[in-house]
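The block underneath contains the structure these notes are about, expressed in structure tokens.
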Amino acid sequence: MRDTVELLEAIGRDATLRRASPEVLARTLEAIHASPALLELVAHGDVTALTGELGLTDKYVEHRSQTAHEDEDSLFN
Numbered sequence: 000m001r002d003t004v005e006l007l008e009a010i011g012r013d014a015t016l017r018r019a020s021p022e023v024l025a026r027t028l029e030a031i032h033a034s035p036a037l038l039e040l041v042a043h044g045d046v047t048a049l050t051g052e053l054g055l056t057d058k059y060v061e062h063r064s065q066t067a068h069e070d071e072d073s074l075f076n
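Take the sequence shown: its letters are residues 0 to 76, numbered as in numbering that gives the first Met the number 0.
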């Protein structure tokens with residue numbers, strides 16, 4: 000996993016890699032033996048394997064207003 004994070008950081012720092020086409024980036028990552036999860040992301044845009052490799056989980060929080068209005072329509076009239 001550490002190698003994957005380091006590769007992601009390198010892509011972020013290097014404009015050539017950041018702007019490379021998916022095909023070119025995939026070939027580059029294959030040449031340096033990137034993880035299959037990172038290759039899947041680059042080649043197909045699927046983050047499932049990478050989120051699993053990095054141990055990330057989705058946490059959705061419903062946001063609610065902290066203030067209450069009796070008649071919200073009156074705020075816009």
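For glycine and all other residues, C-beta sits at the position ideal for the given N, C-alpha and C.
Practice problem: Identify every run of the alpha helix (DSSP H) within the region 21 to 56, keeping only runs that are complete inside it and at least 4 residues long; order them along the chain. | Solution: 21 to 30, 35 to 43 and 47 to 53
Self-check item: E5, DSSP secondary structure in three states
Solution: helix
Quiz item: CA-CA distance, D13 and V60?
Solution: 34 Å
Quiz prompt | Straight-line gap, E39 to A48 (C-alpha atoms, nearest Å) | solution = 7 Å
Self-check item: Alpha-carbon to alpha-carbon, L16 and E22
Solution: 11 Å
Quiz item: Grouping DSSP H, G and I as helix and E and B as strand, with all else coil, what is A14?
Solution: helix
Quiz item: To the nearest whole angstrom, what separates the beta carbons of V41 and A25, a pair I think is in contact under 8 Å?
Solution: 5 Å
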